[in-house]
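Undergrad: The opening position of the sequence shown corresponds to residue 129 in my numbering, with each subsequent residue numbered one higher.
All C-beta atoms in this analysis are idealised placements derived from N, C-alpha and C, irrespective of residue type, glycine included.
If you're wondering where the values come from, they're calculated on a predicted model, not measured in any experiment.
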Amino acid sequence: MELTFRIYRFDPERDSEPHYRTYQVEAEPGERILDCLNRIKWEQDGSLSFRMSCGHGVCGSDAVRLNGRCALACQKLVQDYEGEPEIVVEPLPSFRVLKDLVVDLEPFFEKVNWVRPYLLAGEGDPEKERLQDPSERKKLDQVIRCILCACCMGSCPVVGVNEGFLGPAPLVWAFRYIFDTRDREKEDRLQKVDTEDGAWGCRNHFECTRVCPKEIPVTKSINFIKREIEKVLRS
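(1) Distance, Cα to Cα, lysine 354 vs threonine 132?
(2) Quick check on DSSP: helix, strand or coil for isoleucine 275?
(3) Any idea what DSSP makes of lysine 227, helix, strand or coil?
(4) Pull the bridge partners of phenylalanine 133 from the DSSP assignment, please.
(5) Counting beta carbon pairs with one atom in the region 229-241 and one in the region 164-179, are three or more of them shorter than 8 Å?
(6) Please report how far the alpha carbon of arginine 310 lies from the alpha carbon of aspartate 190, in whole angstroms.
(7) Please identify the residue among Gln270, Lys256, Cys277, Trp242 whose C-alpha is closest to the C-alpha of alanine 187.
(8) Determine the contact status of cysteine 284 and alanine 297, defining contact as a CB-CB distance below 7 Å.
(9) Grouping DSSP H, G and I as helix and E and B as strand, with all else coil, what is valine 192?
(10) Kindly indicate the opening and closing residues of the alpha helix (DSSP H) around cysteine 164.
(11) Any chance the region 289-307 sits against the region 317-329, with 3 or more Cβ pairs inside 8 Å?
(12) How close, in whole Å, do the beta carbons of serine 349 and valine 271 come, if the pair is a contact with beta carbons under 8 Å?
(13) Taking just the CA atoms, how far does isoleucine 306 sit from histidine 147?
(14) Quick one: what's got a C-beta closer than 7 Å to valine 287's C-beta in the same chain, skipping five residues either side?
(15) Please say whether valine 360 and cysteine 198 have beta carbons closer to each other than 7 Å?
(16) Starting from alanine 199, follow the beta strand (DSSP E) in both directions and report where the run begins and ends.
(17) In the DSSP output, what is leucine 205 paired with across the bridge?
(18) Using a 10 Å radius around the Cβ and a threshold of 16 neighbouring Cβ atoms, would you call leucine 318 buried or exposed?
(19) Among Asp261, Gly183, Glu214, Met180, which one has its Cα closest to the Cα of glycine 196?
(20) Where valine 192 and phenylalanine 334 are concerned, what is the direct C-alpha to C-alpha distance, given to the nearest angstrom?
(21) Smallest Cα separation from tryptophan 170: which of Gly158, Tyr151, Pro157?
(22) Let me know the secondary structure DSSP gives glutamate 145 once reduced to three states.
(23) Of the choices Asp325, Pro345, Glu315, Val346, whose alpha-carbon is the least far from that of glutamate 356?
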């Protein structure tokens with residue numbers, strides 16, 4: 129089947145303003161959108177820039193906006209857009225565009241690093257491994273699927289108007305350690321996100337949850353953090 133792709137193009141070294149360019153691609157229903165982008169780059173326009181790595185929904189590097197919805201190009205198939213007149217491919221919103229579909233993710237990773245995404249288990253090493261009850265570990269099963277693709281950040285209406293907002297993915301990583309029973313800095317972690325630009329910045333639009341390629345209940349997780357703040361810091 130023949131598909132029409134309308135792709136956002138912007139080269140800051142050449143262009144004064146972004147523009148769109150249209151490409152025609154032959155593809156099978158079961159092929160990935162990433163396959164089509166590669167075909168465009170390899171066969172039609174070698175100047176097209178986008179990120180990709182594993183191509184299997186693990187690394188999260190090929191996140192873009194497809195027909196208005198943030199997604200991984202390697203997870204979306206041609207058949208998902210059957211019947212639509214064209215597939216519009218754009219960079220993730222709310223990020224500075226470096227070139228075409230490539231955005232600057234450094235501010236995003238800085239926010240993730242700010243929540244200290246690693247175990248703080250106190251001083252001294254135990255004689256054996258730090259044990260955790262399976263029921264306690266189960267609380268983390270969903271959030272640990274985060275691959276830092278930033279689809280949730282691009283789709284969040286709050287991020288779009290407030291660059292100071294910590295954002296969905298960093299809060300998911302905060303959740304991961306706030307509720308890890310082996311961590312010894314729970315109260316401090318809660319205090320860090322107990323701000324209007326932290327957990328309270330979330331307005332429950334649920335867009336982050338809708339676009340998450342790993343089906344993480346992002347909004348629900350942020351609301352659990354809010355409840356824990358009330359329970360631990362306000363009681």
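TA: In brief:
(1) Within the sequence shown, the letter at position 226 stands for residue 354. Within the sequence shown, the letter at position 4 stands for residue 132. Cα-Cα distance, rounded: 44 Å.
(2) In the sequence shown, counting from the first residue as 1, residue 275 sits at position 147. Here isoleucine 275 sits in coil by DSSP.
(3) The residue given as residue 227 occupies position 99 in the sequence shown. In this structure, lysine 227 counts as strand in the three-state DSSP scheme.
(4) The residue labelled residue 133 in the question sits at position 5 within the sequence shown. Answer is Tyr151, Ile215.
(5) Yes, the region 164-179 touches the region 229-241.
(6) Your numbering for residue 310 matches position 182 in the sequence shown. Your numbering for residue 190 matches position 62 in the sequence shown. Between arginine 310 and aspartate 190, the alpha-carbon positions lie close to 34 Å from each other.
(7) Looking up residue 187 in the sequence shown gives position 59. Note that residue 187 corresponds to cysteine in the displayed sequence, not to alanine. Just measuring C-alpha positions, the residue of Gln270, Lys256, Cys277, Trp242 sitting nearest cysteine 187 is Cys277.
(8) Here residue 284 refers to the residue found at position 156 when the sequence shown is read from its first residue. Here residue 297 refers to the residue found at position 169 when the sequence shown is read from its first residue. Against a cut-off of 7 Å, the Cβ pair of alanine 297 and cysteine 284 comes out as no contact.
(9) The sequence position of residue 192 within the sequence shown is 64, counting from 1. Three-state DSSP puts valine 192 in a strand.
(10) In the sequence shown, counting from the first residue as 1, residue 164 sits at position 36. 161-167 is the span of the alpha helix (DSSP H), which, as asked, contains cysteine 164.
(11) The region 289-307 is in contact with the region 317-329.
(12) Here residue 349 is taken as the residue at index 221 of the sequence shown, counted from 1. Here residue 271 is taken as the residue at index 143 of the sequence shown, counted from 1. About 6 Å; that satisfies the 8 Å criterion.
(13) Here the question's residue 147 lines up with position 19 in the sequence shown. Here the question's residue 306 lines up with position 178 in the sequence shown. One alpha carbon belongs to histidine 147, the other to isoleucine 306, and they sit about 44 Å apart.
(14) Within the sequence shown, numbered from 1, the residue matching residue 287 stands at position 159. Counting only Cβ-Cβ distances below 7 Å, and skipping sequence neighbours, we find Ser222, Met281, Phe293, Gly295.
(15) Here residue 198 is taken as the residue at index 70 of the sequence shown, counted from 1. Here residue 360 is taken as the residue at index 232 of the sequence shown, counted from 1. Not in contact: cysteine 198 and valine 360 (Cβ atoms no closer than 7 Å).
(16) Walking along the sequence shown from the start, residue 199 turns up at place 71. Run containing alanine 199: 197-200, per the beta strand (DSSP E) assignment.
(17) The count along the sequence shown starts at 1 and reaches residue 205 at position 77. DSSP lists Arg160 as partners of leucine 205.
(18) For the purposes of this step, residue 318 is taken as the residue at position 190 of the sequence shown. Burial call: buried.
(19) Along the sequence shown, one-based indexing puts residue 196 at 68. Of Asp261, Gly183, Glu214, Met180, the residue nearest in Cα terms is Glu214.
(20) In the sequence shown, the residue the question calls residue 192 occupies position 64. In the sequence shown, the residue the question calls residue 334 occupies position 206. Cα atoms of valine 192 and phenylalanine 334: separation of roughly 19 Å, rounded to the nearest angstrom.
(21) Within the sequence shown, numbered from 1, the residue matching residue 170 stands at position 42. The candidate whose alpha carbon is nearest that of tryptophan 170 is Tyr151.
(22) Within the sequence shown, residue 145 is the residue found at index 17, counting from 1. The answer is coil: DSSP assigns glutamate 145 none of H, G, I, E or B.
(23) Stepping through the sequence shown from its first residue, residue 356 is reached at position 228. Glutamate 356 has its Cα closest to that of Glu315, out of Asp325, Pro345, Glu315, Val346.
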